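Chains D and E are the protein sequences, given in the same order. Position in the first sequence (from 1) plus 13 gives the number in the numbering used here. Position in the second sequence (from 1) plus 13 gives the number in the numbering used here. A short write-up of the structure that comes next.
Number of protein chains: 2
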Amino acid sequence: MSMFSIDFQTRMPIYEQIVNQVEKYIALGLLKANEQLPSVRQVAFDLGINPNTIQRAYAELERKGVIVSVVGKGTFVSDKTDEVVKDKIDDIIDSISENITILKSLGLSDKEIKNKILKDQE
Amino acid sequence: MSMFSIDFQTRMPIYEQIVNQVEKYIALGLLKANEQLPSVRQVAFDLGINPNTIQRAYAELERKGVIVSVVGKGTFVSDKTDEVVKDKIDDIIDSISENITILKSLGLSDKEIKNKILKDQE
DNA sequence: ATGAATGTACCACTTGTCTTAGTACACTTC
DNA sequence: GAAGTGTACTAAGACAAGTGGTACATTCAT
Numbered sequence: 014m015s016m017f018s019i020d021f022q023t024r025m026p027i028y029e030q031i032v033n034q035v036e037k038y039i040a041l042g043l044l045k046a047n048e049q050l051p052s053v054r055q056v057a058f059d060l061g062i063n064p065n066t067i068q069r070a071y072a073e074l075e076r077k078g079v080i081v082s083v084v085g086k087g088t089f090v091s092d093k094t095d096e097v098v099k100d101k102i103d104d105i106i107d108s109i110s111e112n113i114t115i116l117k118s119l120g121l122s123d124k125e126i127k128n129k130i131l132k133d134q135e
Numbered sequence: 014m015s016m017f018s019i020d021f022q023t024r025m026p027i028y029e030q031i032v033n034q035v036e037k038y039i040a041l042g043l044l045k046a047n048e049q050l051p052s053v054r055q056v057a058f059d060l061g062i063n064p065n066t067i068q069r070a071y072a073e074l075e076r077k078g079v080i081v082s083v084v085g086k087g088t089f090v091s092d093k094t095d096e097v098v099k100d101k102i103d104d105i106i107d108s109i110s111e112n113i114t115i116l117k118s119l120g121l122s123d124k125e126i127k128n129k130i131l132k133d134q135e
């Protein structure tokens, strides 16, 4: 049993799925600052995939400043989780904003857009 | 000079970029029903890529019912552009809705989300 | 009729990315 | 010292995307 779940059908690489899930768990508060992540070998064993793939995911997360790895000790969530969450929210807001701009350029009014979203949210 | 522009950096395949742009142009009214599209060879020459790649894009668009190809004559926008536009709008709405759901799961209230989007739209 | 342009259909090949497999080393902890 | 950790490297396979080339049927203008 692992804290991660992999979709082998999608075009998204496994290592990128891991990256997204870690960021998501941090954003949701399921992973807290300085908390230890399962080891590269452990995750690989649980998911039945190669340790190199997990290593790549962790390296990418460290590059982003989301986690910190220490040789011999393990891998830990960064102590600056607030910034990670903020960045994630900003990205999502940007995506929504872009889409709204497109809808407007298609001739939809603010009201129409609002109504369609609300209807879709039910 | 071509009506299409390709980003060679992104992971999105060239043929998929072409598909999206055709759908976008139709949605924006830049391409109208029954209007002729540039030939496979012409687009390939303009963009400096292989005709097979364009062929793949056009085949995908025809499969979707967005365009119609006729041997010896050329490729034309379908006469049912309304449905294409509706489908595109639905896709965008779904995307927005998903993102809003994520923001809610992160603990943001409807008001907070609304304010952030409005601020971003300025 | 002829030639040019069109869409369509193959096939072999290259390229890049992802993933696997294996090995090795340095460090920490017990 | 042994076990567990991160890190680094290489080789190989699988796969998708894209290229290059050829060929054929059809349409259209001349």
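Cβ coordinates follow ideal geometry from the N, Cα and C atoms, glycine included. Just so you know, these numbers come straight off a predicted model, no measurement behind them.
- The Cβ atoms of Val97 (chain E) and Ile39 (chain E) sit closer than 8 Å to each other.
- Taking 8 Å as the CB threshold, Ser122 (chain D) stays off the interface with chain E.
- Within chain E, not a single residue places a beta-carbon under 7 Å from that of Ser18 (chain D); the smallest gap is close to 17 Å.
- A direct Cα-Cα distance of roughly 10 Å separates Asp59 (chain D) from Pro51 (chain D).
- Just so you know, the alpha carbons of Glu111 (chain E) and Glu111 (chain D) end up roughly 14 Å apart.
- Taking C-beta separations shorter than 7 Å and ignoring five residues to either side along the sequence, Lys117 (chain D) has no partners in its chain.
- Linking Ile113 (chain E) to Arg54 (chain E) through their CA atoms gives a straight-line distance of about 42 Å.
- Shown here, Thr88 (chain E) sits in a strand according to DSSP, grouped into three states.
- Listed by position along chain D, the residues whose Cβ is nearer than 7 Å to that of Ala40 (chain E) are Leu119.
- Assignment of beta-bridge partners to Leu60 (chain E) by DSSP yields no partner.
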